[in-house]
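Asker:
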Amino acid sequence: MRMIPKTLTGQEKATIETELKQAYDFDPKDPLFGLTRQQLGGPELHRRSVLRLMAAAGTLTAWHLMPGSGIKAARAASGGHLKAGWAGVGEFRTLDPAQINQVLLFQIASNILSGLTHINPQLVAQGDLAADWSVSDDGREWIFNLREGVTFHNGDPFTADDVVFTYNRSKNPQNSIHSRVLSNVTDMVKIDDHTVKILLGAPQASFLTKTLERASGRAMTIVSRGGLEQLGESQYGLTPVGTGPFKVASHTLGQSIVLERFENYYDPERPKLDKVTIIPIIDAEPLAAAIEAGDIQFIGGNPVAPELIDRFEANSDLIVNIVPGPGFQSVWMNPWREPFKVPDFNKPVSELMKEKGFKVRLAIAKALDRDRYIERAQFGRAVPAYGTINPAMGFYFDEALGEDSNQKYDLEAARRLLAEAGYPNGEGFPTLKILNTPSARREVQVIKDILKRNLNINIELDTKDFPVLIDEFDRMDWDMTRIGSGGDYDPDDGLVDWMQTSSKFNGRNRDKEKMPFGIFSDAEVDRLTDEQRLQSDPQKRKEMVQKVNKITSDKVACAFIYHPVDAQIRHKSVNFPAESRIPGLVDFDLTTIS
Amino acid sequence: MAVMEATKGAPPEPPDQRWVWLRLIARDRKAMVGLIVLAVMTLAAIFAPFLTPYDPSAQDFAMIGAPSWAHPLGTDDLGRDLLTRLIYGARISLFVGTSTVFMALVAGVVLGVSAGYYGGWLDTIIMRYIDLQWAFPNFIIAVYLVAVFGTGLSNVIVAISLAFVDDFARIARGMVLTIKEEQYIAAARTVGASDNRIMWRHILPNASAPIIVQATVSVSYAILAEAGLSFLGLGVQSDTPTWGLILADSRSFISRAWWLGFYPGLFIMVTVLSINFLGDALRDLFDVRESKDIGAN
Amino acid sequence: MSGFIFKRSLWAIVVMWAVATLVFFMLRIVPGDPIAAMLFDVGDPAAADELRRKFGLDQPVYIQYFKWFGRLLVGDLGNSIYGSRIEVSRVIWEALPRTLSLTALSFLIALVIAIPAGLISALKRHSALDHAVTFVAFLGLSMPDFWIAILLIITFAANLQWLPAIGYSPLSEGFWPWFSHLILPSIAIGTPFAAIMARMIRSSMLEVLRTEYMQVARSKGLLKLRLVMVHAFPNALIPVVTVMGIALALLLAGTIVVENVFSIKGLGRVLIQGILDRDYPIVQGAILVVSFIFVFANLLVDVLYTIIDPRIRYD
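Residue numbers (my numbering), protein chains in the order written: chain A, 6 to 599; chain B, 9 to 305; chain C, 2 to 316.
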């Protein structure tokens, strides 16, 4: 687990503990989360306030509080042209925030477009396009004073009209895939050219830190009405017009996008660079060759292929910065197919353990030597997983689950279970197929090998391109599938999306007569997941989340394998200040090249 | 793209028709080498499990190991022995190469002979389609067909078989047009032989020479086509080792493990080269015989 | 002769239509719903239906066909189903110069290698040089082009670092960047082609040299080089022109694979990526344009051939 390399001093640990305690020290029923109106108002939230809000929203992680790493060298002069490669992607299909569903795309858009607020890694919330703001006593009415003198890249002035326009566009599911983020906003009203009032249905801790923030928010990333009208939706997605520090000079789909310094950015100190060229490089080897040859000086985008990380670390010209990644990957077993058929999960684990189908499921999960898998498939760069709740969710991540879970690796027990199920040493076990995407082929071959050597069972790879795979997965037309999720920063992303009977990934196109549920269904999991969503007390929420997570683990909803890590690689001449290292973002506004 | 080499000197009168082939090929050293290489490879492919000390899927060894005594061609990124995988890969390549050409040959010859013999609207319809297909390189057609049918080994076999039909159809038809004017055909007809009999018992055997030459050429291209499709990710999708797939998988490790990129391609090249040598020799052989026969008439 | 040209052109149009129609229908019966893949993360069946309606994928196939064909005739190739739904014609328009640059450069490189090789081989027939060249030619056309590409990357890009491993730079940004990005892929594509050309030139030259006219002229000795270059060589080239059509086709087939190795977004890469993504409009558009290039090239070659060699019977 080579994930968090630094060991903390006693002093640092004490600071983190104090901050955490302070953050969680409030009455959850307080609509202002234990803060005063002053503290919640603009023009800037202090660190303690932001920590409190994040704690109240449940998104505060211990990792957020770690002392930052970054070059503390003297800032180099501005100017220069940075060339960046974006890993694992062939082209940037759209940069329209309403359509973006991949973090790698948002990394680019965040340099071009702005939100009302912005959080930096010191967790100080600053106004971005909002100069100042205030909130009512009941926490449901917010007034924003917008920054004056801001213009879009095309010269249009930024006013409250643009905020309302963005709101109306984003709340319509036909225009935006993020409309759900705005479900708590009842109305947004223009007071005057530089003042907007926003009404919420209920006090929302994550309002400033998620909904309005240009990073995870996206729903309120301000778009240019003039730009949309002039370019049309399609072209706007390729060359968006915004108010950010960089403007789009050109975008050749599949080859590169060139960003140029926006001369009229409202902060004359930013950006430092003159120009940024971003090139999508889908294959691992050309990416490595490019940064080693100096063709690019920075790597962003999808997680870098794990086989390259050792190579980059060994290169003295490169700096590698690794943080926990938000996601999980599992091997799913179809509960409607032999030999792991389980038609009903609504029993205590002890009852389930008597069933043949469950024994097979558990045997497979317990035979998956995660350490060996991580070593061979991920070159040691991953964290073993026993549930959908990943380390990037910090506070909610259950480190002890690896020891407590029913799925914990135990070869003898696995073999015993398989024998009890009627397949001693794998004899008579049918050859099953495992669905996977072409990019996962390598990993699945390692799984196949582990199951063969540990349980003596054979599985065959069934590699299908993603559109076909999804079709079959949704119809439950498969024996086993290797699939998972990324970009999960909140427990909802794991539990609501995968583990509930009504989850969107839970066999939604299956034959509902033959299969009452898809991949998994447990009444207690359903109930607890619903409850934890509405739970504003983070301690209580944590307890619920960990309990649900353990149930899904013990009952083998799937065989969880690993959580990926997120590595940032840059050339040593690139000064990417700690202030820019925000989870999930690659903001170049303070970057310089020496 | 059959290139006609200048004919070599005419060989002496062969005492035995059937073995003349082998003798004539034996004169061409390159062809002999080719034949031996192919024979060795075929045998190795068939008897692979007995020959190789390792299992091709066994991920037991150090990952990305350079060639050594234990692993003469090195190991790949999952710790499998490369030589073993390449030998097993020969199975797929040779199987696909020969089966697709066989099917293309049968389909193409049937179409071509029918078109050439019957003429008229049948000829027009068939040849219009064949011309349509002939306008495009076989590999492109195979890609198009995979786009339609989907990826996977069986689809690749169908795609390549269909893509190569045009070559055989054209040659077969051309030969039929020439031969059917020959005297012995007229003679057979007077005697009352049926159309079928004439087509398959009389015309076809005499048309076989260029068809056989084409078959050898096509096998080498079919092998290259399968490798190309697998390389692009359009071919075999499981973990069955095929040379194209091994080559594609090597791309992520190319700078650390040159052997992963070098040897699969080398195996492909050697196989194709051997087939080409053989094909070339066969072409010379049949040219000679043809000119002899025509001269004799 | 204009009758010939007219007939061939008509045939070319029919071919294009047949290809387009075949592709359209066959792509529709294939498994794999691209809309589902696009919305995987969002998981809303209502949105899926909405999108399907938006793209007209819910109407009967023949209606879709007529609509599509109608748009085709005015040059509208439809839109990609992903992301910003960029126009297919625009994607292809941007990809075309790359593929054409690559093809042209590969062709030139192939000729630069093949002409001297073929000539020397023919002139020094049966010498050691001839055998060496013939053998190397055999090797060249037995090597898969993607393998050559990988070997070139290993040597020149990864180890020596003389040349970039991937990408493309348009001519407008300078000759050297354009050239350095294209030289390796061009060698990979051009090599098998050069091998075939060299052999063709060799045998063609041998044919010409053997004619009596040449024998007589040769006996005059000193004029040899002039003879070869001015008389023999141009005549030898005539049959070579016949393979130009096939040549261009081969080169384009080669670019499909090599573009993928070097991540150059030309027609080949667009096509393959479209197939893997099940992006119907892109695949259709790419197949149409690629086919058009072949058909057009063949047509051109046929016409060229009749102009050069009036002895040919046309049909």
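Idealized CB from N, CA, C, for every residue including glycine.
#1: Mind pulling the chain B residues with CB within less than 7 Å of Thr-468/A?
#2: Taking the C-alpha atoms as reference points, what is the distance between Pro-208/A and Leu-533/A?
#3: Hey, could you find the ends of the alpha helix (DSSP H) Gly-124/B is sitting in?
#4: Beta-carbon within less than 6 Å of Gly-42/B's beta-carbon, same chain only, minus the 5 sequence neighbours each way: which residues are those?
#5: My output table needs one value for Ser-335/A: the three-state DSSP class, helix, strand or coil.
#6: Rounded to whole angstroms, how far is the Cβ of Ala-103/A from the Cβ of His-183/A, which I believe are closer than 8 Å?
#7: When you compare the CB of Ala-295/A with every CB in chain B, is at least one pair closer than 8 Å?
#8: Please compile the residues from chain C whose C-beta is within a distance smaller than 8 Å of the C-beta of Ala-298/A.
#9: Which runs of the alpha helix (DSSP H) fall wholly inside the segment 119-190 of chain A and span at least 4 residues, in chain order?
#10: Could you tell me the distance, in whole angstroms, from the CA atom of Val-259/C to the CA atom of Ala-189/C?
#11: I'd like to know whether the C-beta of Gly-47/A is nearer than 8 Å to at least one C-beta of chain C.
#12: For the alpha helix (DSSP H) that Glu-465/A lies in, which residues bound it at each end?
#13: Look at the alpha carbon of Ala-78/A and the alpha carbon of Gly-79/C, and state the distance between them as a whole number of angstroms.
#14: From which residue to which residue does the alpha helix (DSSP H) around Pro-311/A run?
#15: Return helix, strand or coil for Ala-424/A, following the three-state DSSP convention.
#16: According to the neighbour-count rule (16 or more other Cβ atoms, all chains shown, within 10 Å of its Cβ), is Tyr-63/C buried or exposed?
#17: Between the segment 468-487 of chain A and chain B, which residues of the former have CB atoms less than 9 Å from a CB of the latter, in chain order?
#18: With a threshold of 8 Å between beta carbons, is Ala-70/B in contact with chain C?
#19: Give the secondary structure of Asn-269/A by DSSP, where H, G and I count as helix, E and B as strand, and everything else as coil.
#20: Could you tell me the boundaries of the beta strand (DSSP E) in which Gly-90/A lies?
#21: Counting only Cβ-Cβ distances shorter than 8 Å, please list the residues of the segment 248-279 of chain B near chain A, keeping chain order.
#22: Among all the DSSP beta bridges, which residues are the ones paired with Ser-238/B?
#23: Are the CB atoms of Lys-252/A and Ile-113/A nearer to each other than 8 Å?
#24: Taking only beta-carbon atoms, is Ser-3/C less than 8 Å away from chain A?
#25: With 16 as the cutoff for other CB atoms within 10 Å, does Ser-162/B come out buried or exposed?
#26: Distance, Cα to Cα, Arg-88/B vs Pro-64/B?
#27: Within 8 Å (strictly less), CB to CB, does Ala-304/B reach chain A?
#28: Any beta carbon from chain A within less than 8 Å of Pro-23/B's own beta carbon?
#29: Can you list, in chain order, the residues of the segment 58-82 of chain C whose Cβ is nearer than 9 Å to any Cβ on chain A?
#30: Between which two residues does the alpha helix (DSSP H) harbouring Phe-111/A extend?
#31: Quick check on the DSSP output: what are the complete alpha helix (DSSP H) runs of length 4 or more inside the segment 366-397 of chain A, in order along the chain?
#32: Would you kindly check if the distance between the Cβ of Ala-368/A and the Cβ of Ala-419/A is under 8 Å?
#33: Under three-state DSSP, which class holds Asn-514/A?
#34: Any beta-carbon of chain A closer than 8 Å to the one on Glu-174/C?
#35: Excluding sequence positions up to five away, which residues of its chain have a Cβ less than 7 Å from the Cβ of Ile-187/B?
#36: Return the chain-ordered ranges of every alpha helix (DSSP H) run that is complete within the segment 69-111 of chain C and spans a minimum of 4 residues.
Answerer: The relevant details are as follows:
#1: Counted from its first residue, the first sequence places residue 468/A at position 463. Near Thr-468/A (Cβ distances below 7 Å), the residues of chain B are Gln-245 and Ser-246.
#2: What you label residue 208/A is simply residue 203 of the first sequence in a count that begins at 1. What you label residue 533/A is simply residue 528 of the first sequence in a count that begins at 1. Straight-line measurement puts the Cα of Leu-533/A at about 22 Å from the Cα of Pro-208/A.
#3: Position 116 of the second sequence, counted from the start, is the residue given in the question as residue 124/B. Unbroken alpha helix (DSSP H) run through Gly-124/B: 90-126.
#4: The count along the second sequence starts at 1 and reaches residue 42/B at position 34. The answer, listed in chain order, is Ser-282, Phe-285 and Leu-286.
#5: On the first sequence, position 330 is the one that residue 335/A refers to. Reduced to three states, the DSSP call for Ser-335/A is strand.
#6: Reading the first sequence from its first residue, position 98 is the one you call residue 103/A. Reading the first sequence from its first residue, position 178 is the one you call residue 183/A. Contact between Ala-103/A and His-183/A holds: their C-beta atoms lie close to 7 Å from each other, under 8 Å.
#7: Along the first sequence, one-based indexing puts residue 295/A at 290. Under the Cβ criterion of 8 Å, Ala-295/A is not counted among the residues facing chain B.
#8: Taking the first sequence and counting its residues from 1, one reaches residue 298/A at position 293. Contact note: Ala-298/A reaches chain C through Ala-158, Gln-162, Pro-165 and Ala-166, using a C-beta cutoff of 8 Å and chain order.
#9: If you keep only unbroken alpha helix (DSSP H) runs of at least 4 residues inside the segment 119-190 of chain A, you get 165-175.
#10: Indexing the third sequence from 1 puts residue 259/C at position 258. Indexing the third sequence from 1 puts residue 189/C at position 188. In this structure, the straight-line span from the alpha carbon of Val-259/C to that of Ala-189/C is close to 7 Å.
#11: If you number the first sequence from 1, residue 47/A lands on position 42. With a threshold of 8 Å between beta carbons, Gly-47/A makes no contact with chain C.
#12: By one-based count along the first sequence, residue 465/A stands at place 460. No alpha helix (DSSP H) contains Glu-465/A, which is instead part of the beta strand (DSSP E) from 464-468.
#13: On the first sequence, residue 78/A is found 73 positions in, with the first residue counted as 1. On the third sequence, residue 79/C is found 78 positions in, with the first residue counted as 1. Unreliable positioning characterises Ala-78/A in this predicted model, as indicated by a pLDDT of 42, which lies under 50. A coordinate reading is not provided.
#14: As a working note, residue 311/A is residue 306 in the first sequence. For Pro-311/A, the enclosing alpha helix (DSSP H) begins and ends at 311-318.
#15: Position 419 of the first sequence, counted from the start, is the residue given in the question as residue 424/A. In the structure shown, Ala-424/A sits in a helix (DSSP, three-state: H, G or I).
#16: Along the third sequence, read from residue 1 onward, the residue named residue 63/C stands at position 62. The residue is exposed, with fewer than 16 neighbouring Cβ atoms inside 10 Å.
#17: Listed in sequence order: Thr-468, Lys-469, Asp-470 and Val-473.
#18: On the second sequence, residue 70/B is found 62 positions in, with the first residue counted as 1. So, not an interface residue.
#19: Here residue 269/A refers to the residue found at position 264 when the first sequence is read from its first residue. DSSP places Asn-269/A in the coil class of the three-state scheme, outside both helix and strand.
#20: Counting from one through the first sequence, the residue named residue 90/A turns up at place 85. Note, Gly-90/A: beta strand (DSSP E), 86-92.
#21: Across the segment 248-279 of chain B, CB contacts with chain A closer than 8 Å involve Asp-257, Arg-259, Ser-260, Phe-261, Ile-262, Ser-263 and Arg-264, in sequence order along the chain.
#22: By 1-based counting over the second sequence, the position of residue 238/B is 230. Note: Ser-238/B is not bridge-paired with any residue in the DSSP secondary-structure output.
#23: One-based indexing of the first sequence puts residue 252/A at position 247. One-based indexing of the first sequence puts residue 113/A at position 108. The Cβ-Cβ distance between Lys-252/A and Ile-113/A does not fall below 8 Å.
#24: As a position in the third sequence, residue 3/C is number 2, starting the count at 1. Not one beta carbon of chain A lies nearer than 8 Å to the beta carbon of Ser-3/C.
#25: One-based indexing of the second sequence puts residue 162/B at position 154. It counts as exposed.
#26: For the purposes of this step, residue 88/B is taken as the residue at position 80 of the second sequence. For the purposes of this step, residue 64/B is taken as the residue at position 56 of the second sequence. Rounded to whole angstroms, Arg-88/B to Pro-64/B spans 7 Å at the Cα level.
#27: The sequence position of residue 304/B within the second sequence is 296, counting from 1. For Ala-304/B, the pLDDT reaches just 32, beneath the cut-off of 50, and the residue's location in the model is therefore unreliable, although a value from the coordinates is still provided. Not closer than 8 Å to any Cβ of chain A, the Cβ of Ala-304/B fails to qualify, so no.
#28: Indexing the second sequence from 1 puts residue 23/B at position 15. Summary for Pro-23/B: the model assigns pLDDT 49, below 50, so the residue's position carries little reliability, and this model does not support an answer.
#29: Residues Asn-80 and Ser-81.
#30: Here residue 111/A is taken as the residue at index 106 of the first sequence, counted from 1. Element bounds for Phe-111/A: 108-117.
#31: Residue ranges of uninterrupted alpha helix (DSSP H) with 4 or more members, entirely inside the segment 366-397 of chain A and ordered along the chain, are 375-382.
#32: As a first step, residue 419/A must be located in the first sequence, where it is residue number 414. As a first step, residue 368/A must be located in the first sequence, where it is residue number 363. Yes, the Cβ-Cβ distance between Ala-419/A and Ala-368/A is below 8 Å.
#33: For the purposes of this step, residue 514/A is taken as the residue at position 509 of the first sequence. Asn-514/A sits in coil when the DSSP states are folded into three classes, being neither helix nor strand.
#34: Indexing the third sequence from 1 puts residue 174/C at position 173. Proximity of Glu-174/C to chain A, defined by a Cβ-Cβ separation below 8 Å, is not satisfied.
#35: The residue labelled residue 187/B in the question sits at position 179 within the second sequence. So the qualifying residues of the chain are Ile-193, Ile-211, Asn-214 and Ala-215.
#36: For the segment 69-111 of chain C, not a single whole alpha helix (DSSP H) run of length 4 or above is found.
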